[in-house]
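The next block holds one structure in the form of structure tokens; read it before the comments.
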Amino acid sequence: MRICVFLSAADLDDRYTRPAREFAELLGKGGHTLVWGGSDTGLMKVVADGVQEAGGRLCGVSVDFLAAKARAGADEMVVARDLAERKRLLLQKSDAVVIMVGGTGTLDEATEILELKKHGHTDKPVVLLNTAGFYDGLKEQFRRMEDEGFLPRPLTDLVFFAEEPVGALAYLEESQGVV
0 MRICVFLSAA
10 DLDDRYTRPA
20 REFAELLGKG
30 GHTLVWGGSD
40 TGLMKVVADG
50 VQEAGGRLCG
60 VSVDFLAAKA
70 RAGADEMVVA
80 RDLAERKRLL
90 LQKSDAVVIM
100 VGGTGTLDEA
110 TEILELKKHG
120 HTDKPVVLLN
130 TAGFYDGLKE
140 QFRRMEDEGF
150 LPRPLTDLVF
160 FAEEPVGALA
170 YLEESQGVV
């Protein structure tokens, strides 16, 4: 499976890096390919290292203004003209999406895939990995949107909330029929 991971390129503490590395190792050991923003810094580097060291493949999609931070030695690296093209390519090259901790860029990517699912433009499974309760507030906001009629589809059709890396990957593999 080609799994797109939206996440931060910031250097973060162990409460975020440890679960990210655990997910990366599970992904790599499962023989999957990481599709990610291509950066060799911060949490993006942690995940790419973990996948590669565990035997998985790397497919990066960088962007012109960040190309200097792109990871050397990825199995595939594409450089997009702008962020919109980058998002399109990330989704095009993947079978499923995992949203990890991140800032405004990650939130932008997350809401775009959920909007596409909401309107039936993709059926890729999406997991929000709620490491250390990072997305508790967002989860509450999504539930309010659902309860108050802002979502035409049930929230459970749009995204699966996982608290642990093993649950995130298990959901994706099950949804894609991977044993």
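Counting from 0, one number per residue, gives the positions in the sequence shown under numbering that gives the first Met the number 0.
Where is the CB? At the ideal position from N, CA and C, for every residue including glycine.
Asked: DSSP has Met0 in a bridge; who is on the other side?; Found: DSSP output for Met0 lists no bridge partner at all.
Asked: By the 10 Å Cβ neighbour count, where 16 or more other Cβ atoms means buried, how is Met0 classified, buried or exposed?; Found: buried
Asked: Using a Cβ-Cβ cutoff of less than 7 Å, which residues in the same chain neighbour Ala167 once the five nearest sequence positions on both sides are dropped?; Found: Phe22, Val97, Val126, Leu128, Ala161
Asked: Count the other CB atoms, across all protein chains shown, that sit within 10 Å of the CB of Ala67; report buried if there are 16 or more and exposed otherwise.; Found: exposed
Asked: At what residues does the beta strand (DSSP E) containing Glu75 begin and finish?; Found: 75 to 79
Asked: Thinking C-alpha only, which one of Met144, Glu172, Arg20, Leu82 is nearest Gly104?; Found: Leu82
Asked: Assuming Thr40 and Ala8 are in contact, meaning their beta carbons sit under 8 Å apart, how far apart are those beta carbons, in whole angstroms?; Found: 5 Å
Asked: Can you name the start and end residues of the alpha helix (DSSP H) that Val100 belongs to?; Found: Unbroken run through Val100: none, as it is neither H nor E.
Asked: Quick one: grab the DSSP three-state call for Arg70.; Found: coil
Asked: Could you pull the start and end residues of the beta strand (DSSP E) that Ala161 belongs to?; Found: 159 to 161
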